[in-house]
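Below: the structure, in structure tokens.
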Amino acid sequence: MNRLKIAIGSDHGGFKLKEEIKKMLQEKEYDFKDFGTFSEESVDYPDIALEVARAVQDGSYDRGILICGTGIGIGIAANKLAGIRAALCHDTFSARASREHNNANILTMGERVIGPGLARDIVNVWLETGFAGGRHARRVEKINDIEKGTNQ
Ligand code: RB5
């Protein structure tokens, strides 16, 4: 069993890719929970974003993966919660940097943008890369200060 606990979710536009990524998480023995949606019937992405982002925010899950048609709307919604750093990544360079530099705790992707092979690679890199800390920690702390209003 892999040590990371992962919350995953999608809207209808990301449903098929979510199912594909779940297969990969199973193969790699990650501990994960699917927060929906559970079919291709139309749903509103902010509802799913909120469920997954809350689960990461309150510490029940270490990381989140959110998928919609573009990865944009679901990430905008997730980033409204304090402490959530959702990163839209459609290449492995950005996926690695979002972890090393930004300590991203949610990965977002768009099913209508990339194929399942690339998405699997992105998820792999993103899950396996650690935060570099140092000057990057100072910058992430400044994001926290903006959230708390203590940056004045
Ligand atoms: C749903 O049609 C689509 O708008 C959604 O999946 C996402 O792309 C929004 O950002």
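All letters in the sequence shown, in the order written, are residues 156 to 307 by our numbering.
Here a beta-carbon is modelled for each residue, glycine too, at the ideal position from N, C-alpha and C.
Those residues having their beta-carbon less than 5 Å away from any non-hydrogen atom of ligand 1 are, in chain order, D166, G168, C223, G224, T225, I227 and G228. Burial check for T305: the Cβ neighbour count within 10 Å stays below 16, so the residue is exposed. Distance from the CA atom of H167 to the CA atom of G224, rounded to whole angstroms, is 8 Å.
Put simply, of V198, L159, K160 and L172 the residue whose alpha carbon is nearest the alpha carbon of T263 is L172. Between the alpha carbons of A274 and H245 lies a gap of roughly 7 Å.
The continuous alpha helix (DSSP H) containing L273 extends over residues P271 to E283. In the DSSP assignment, L180 falls within the unbroken alpha helix (DSSP H) covering F170 to E182. Contact annotation: E266 and G169 have beta-carbon atoms nearer than 7 Å. For I203, the enclosing alpha helix (DSSP H) covers residues Y200 to Q212. A distance of 7 Å or more separates the beta carbons of I227 and G164. Going by beta carbons, A210 and L236 fall outside the 7 Å limit.
Bridge pairing for S165: I222 [DSSP]. Taking C-beta atoms under 8 Å as the contact rule, R254 and W281 qualify, at a distance of about 6 Å.
Residue environment: G230 is assigned as buried (16 or more neighbouring CB atoms within 10 Å of its CB, all protein chains considered).
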